[in-house]
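Notes for the one structure printed next.
Protein chains: 2
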Amino acid sequence: MELKKKLLEHDKRAVARLISMIENDDQKAFNIISELFYLTGNAHIVGITGPPGAGKSTLTASLAKKLRDLDKTVGIIAVDPSSPFTGGAILGDRIRMQDLALDEGVYIRSMGSRGHLGGISKATHAATRILEIYGMDYIFVETVGVGQSEVDIMKIADTTILVLVPGLGDDIQVLKAGIMEIGDIFVVNKADKDGADKLVLEVEMMLNLRKMENDWQQPILKTIAIQDTGIDILVNKIFKHYNYIKTTGLLKSKKLKCIEAELAEILRERFIDMVYNSNNAQLDLKEIANEIFNKKTDPYTAVDKIFFELKERSN
Amino acid sequence: MELKKKLLEHDKRAVARLISMIENDDQKAFNIISELFYLTGNAHIVGITGPPGAGKSTLTASLAKKLRDLDKTVGIIAVDPSSPFTGGAILGDRIRMQDLALDEGVYIRSMGSRGHLGGISKATHAATRILEIYGMDYIFVETVGVGQSEVDIMKIADTTILVLVPGLGDDIQVLKAGIMEIGDIFVVNKADKDGADKLVLEVEMMLNLRKMENDWQQPILKTIAIQDTGIDILVNKIFKHYNYIKTTGLLKSKKLKCIEAELAEILRERFIDMVYNSNNAQLDLKEIANEIFNKKTDPYTAVDKIFFELKERSN
Chain A
2 MELKKKLLEH
12 DKRAVARLIS
22 MIENDDQKAF
32 NIISELFYLT
42 GNAHIVGITG
52 PPGAGKSTLT
62 ASLAKKLRDL
72 DKTVGIIAVD
82 PSSPFTGGAI
92 LGDRIRMQDL
102 ALDEGVYIRS
112 MGSRGHLGGI
122 SKATHAATRI
132 LEIYGMDYIF
142 VETVGVGQSE
152 VDIMKIADTT
162 ILVLVPGLGD
172 DIQVLKAGIM
182 EIGDIFVVNK
192 ADKDGADKLV
202 LEVEMMLNLR
212 KMENDWQQPI
222 LKTIAIQDTG
232 IDILVNKIFK
242 HYNYIKTTGL
252 LKSKKLKCIE
262 AELAEILRER
272 FIDMVYNSNN
282 AQLDLKEIAN
292 EIFNKKTDPY
302 TAVDKIFFEL
312 KERSN
Chain B
2 MELKKKLLEH
12 DKRAVARLIS
22 MIENDDQKAF
32 NIISELFYLT
42 GNAHIVGITG
52 PPGAGKSTLT
62 ASLAKKLRDL
72 DKTVGIIAVD
82 PSSPFTGGAI
92 LGDRIRMQDL
102 ALDEGVYIRS
112 MGSRGHLGGI
122 SKATHAATRI
132 LEIYGMDYIF
142 VETVGVGQSE
152 VDIMKIADTT
162 ILVLVPGLGD
172 DIQVLKAGIM
182 EIGDIFVVNK
192 ADKDGADKLV
202 LEVEMMLNLR
212 KMENDWQQPI
222 LKTIAIQDTG
232 IDILVNKIFK
242 HYNYIKTTGL
252 LKSKKLKCIE
262 AELAEILRER
272 FIDMVYNSNN
282 AQLDLKEIAN
292 EIFNKKTDPY
302 TAVDKIFFEL
312 KERSN
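As structure tokens, then:
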């Protein structure tokens, strides 16, 4: 197939095309992943998360630039719809991103919003697979992080970077207590702002309070991504973490968890599809909702009935 | 059944017990909802959402107090695990909440975290049903809101209050642009803080920019919840909104959407249960993930196989 051949020939337009097909749920794209699945699993997947305004996209762009200098190829997927990769970036940033976008060794893609199912969507997983097949050495997955999304990113990333920023107020700091488990590497970005050292100390204290799950000492780094300050050390720590999870066998267990999350996502989407796009009139959720509204049935009894009918249908 | 009888006799302990059973996925509780479902659908469900630190719980407590003065009964469900209802509240707040908790006409419950499926969980929906059966006039559902959760709350609430607060920084303000669709009523809480008037103006501007979907003019109110300032007007607007959606037929369509969301949640949880807790060895997701890791299959082919087997099983 033409598209498959182009992907194998490292034609970036094939990547763009395939990810668009994935977003449109075009089965052909998923078939290509199935056929070329043996080429997946080799990229280092790095999750970048943190509160809005922490400078995640600028940091990602700066990391990508650095990795290109080291002759590594980089894919970037911004899951967050409000990401500067889709707009909203300050001018200097935009120029840098355009430079990156023209580079054959870089592919940047915004994946719209996360699925209605909350997790990293089937489409995002699939886009990662396409970038792996294309041969990217590094794949960055950027998500805005307040709440569920940081937990989700752990399921796709080998290495997760939690980006914090001084001056987001105490309320945000409180939130952080719950997400300390997530970062393999902590970055205090915009480190030239007031409160950076205090934030580093706070993170250190929180990390010291909790018991370690393994002997990876989570580093806390200061960066000023817009000036590329601190990026060398960060890249170094990313390499180091990868090496650590590889030698300890953690990489395999992380990849397995990622595959499980991907499977669960595909299963759920398939199931929803089966229920919502069914031609079977008895599965008309709107009609059932109406019956429940009119107290002719209740949600639990209705679902019992739906499951019974799904089984009947598959006979 | 004893518990069912106690619930009908307005014994608050029955509510506590049933919601705990719901959280433990005890089928008996869901059976009681099924049996008493004809008593549901009469409460005014008010969603309270907004960024962390906006004072949502204090506002909810203040609203509850006011509604009690008007002889209305109030249920409160805090979906957010970091809610002050579970801890973290400042002292004055805690005392107020304890007062509320002792009142037979008030029931406060924290529902732990949202389900792994992102939306308002089946358990939260069910807890709302229990409170409706108990006979609460008002049910407040409080969720922390940055991202998906505000959209979720729209699916359960008849009236949604978006609580904002001055001084969370420009980054948070940017986020707001995307969530302006959600509020039926906007509240700028902690209105004695610097920037309150500016925030009101910004919200007004954003609301003026977008086209109205109906002729409900979303009010923007200033409150200082901790001092009960502005709560009278807010309660008034809540009444007014309920009256508006009732007379225009919007209430019915909102209730129908809520039921659909509830159905989808129950369906999904049931499906996940079927896949994960299956005794069928062929549905062992860990084993399948291992095969995928070893490139013996790929996620899409594997899911095809799972669906085929689910159908076989149900034969």
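Order-wise, the sequence lines are chains A and B. Under this note's numbering, the first residue of the first sequence is numbered 2, with each subsequent residue one higher. Under this note's numbering, the first residue of the second sequence is numbered 2, with each subsequent residue one higher. Built from N, CA and C at the ideal position, the CB exists for glycine as well.
Reduced DSSP category for residue i - H, G, I as helix; E, B as strand; rest coil
i: Ala79(B); result: strand
i: Glu143(B); result: strand
i: Phe154(A); result: Checking the sequence, you will find Ile at residue 154(A) rather than Phe. In the structure shown, Ile154(A) sits in a helix (DSSP, three-state: H, G or I).
i: Ser58(B); result: helix
i: Ile23(A); result: helix
i: Arg18(B); result: helix
i: Ile273(B); result: helix
i: Ile1(B); result: Examination of residue 1(B) is not possible in this model, given that chain B is present from 2 through 316 alone.
i: Asn32(A); result: helix
i: Thr302(B); result: helix
i: Glu266(A); result: helix
i: Lys13(B); result: helix
i: Lys297(B); result: coil
i: Ala102(A); result: helix
i: Lys255(A); result: helix
i: Ala226(A); result: helix
Assigned exposure category for residue i - 16 Cβ within 10 Å defines buried
i: His45(B); result: buried
i: Glu261(B); result: buried
i: Met206(B); result: exposed
i: His126(A); result: buried
i: Tyr39(B); result: exposed
i: Lys381(B); result: Because chain B in this structure spans residues 2 to 316, residue 381(B) falls outside the shown range and cannot be described.
i: Asn43(B); result: exposed
i: Ser63(A); result: buried
i: Asp26(A); result: exposed
i: Ala197(B); result: buried
i: Asp202(B); result: A quick correction: the sequence has Leu, not Asp, at residue 202(B). Under this definition Leu202(B) is an exposed residue.
i: Ile234(B); result: exposed
i: Lys255(A); result: buried
i: Pro300(A); result: buried
i: Ser111(B); result: buried
i: Leu200(A); result: buried
i: His11(A); result: exposed
Residue range of the beta strand (DSSP E) that includes residue i
i: His45(A); result: His45 to Gly51
i: Leu222(A); result: Ile221 to Lys223
i: Ser111(B); result: Val107 to Ser111
i: Phe38(B); result: That residue, Phe38(B), is in no beta strand (DSSP E); it is neither H nor E in DSSP.
Start-to-end residues for the alpha helix (DSSP H) that takes in residue i
i: Val166(A); result: Run containing Val166(A): none; DSSP gives neither H nor E here.
i: Ile131(A); result: Lys123 to Tyr135
i: Ile232(A); result: Ile232 to Thr249
i: Ile289(A); result: Leu286 to Phe294
i: Leu71(A); result: Careful: Leu71(A) lies outside any alpha helix (DSSP H) and carries neither H nor E.
i: Asp198(A); result: Ala197 to Leu210
i: Glu3(B); result: Glu3 to Leu9
Same chain only: Cβ atoms within 7 Å of residue i, ignoring 5 sequence neighbours per side
i: Arg69(B); result: Val75, Asp104, Gly106 and Val107
i: Thr41(A); result: Arg130, Glu133 and Ile134
i: Leu252(B); result: Asp159 and Ile246
i: Ile267(B); result: Lys123
i: Lys73(B); result: Asp138 and Tyr139
Closer than 8 Å at the beta carbon, the chain C residues around residue i
i: Tyr301(A); result: Here the protein chains are A and B, and chain C is not one of them.
Bridge partner(s) assigned by DSSP for residue i
i: Phe187(A); result: Leu163(A) and Ile221(A)
Neighbourhood of residue i by C-beta, 8 Å cutoff - its chain only, sequence neighbours within 5 removed
i: Arg14(B); result: Lys7
i: Asn316(A); result: Residue placement at Asn316(A) is flagged as unreliable, the pLDDT there being 48, under the threshold of 50; the coordinate-derived value follows with that caveat. Same-chain partners within the cutoff: there are none.
i: Leu71(B); result: Val236
Contacting residues, own chain, Cβ-Cβ under 6 Å from residue i (five flanking each side not counted)
i: Leu4(B); result: Ala15
i: Ile140(B); result: Ala44, Ile46, Gly76, Thr129 and Leu132
i: Ile33(B); result: Lys5
i: Pro53(B); result: Val145
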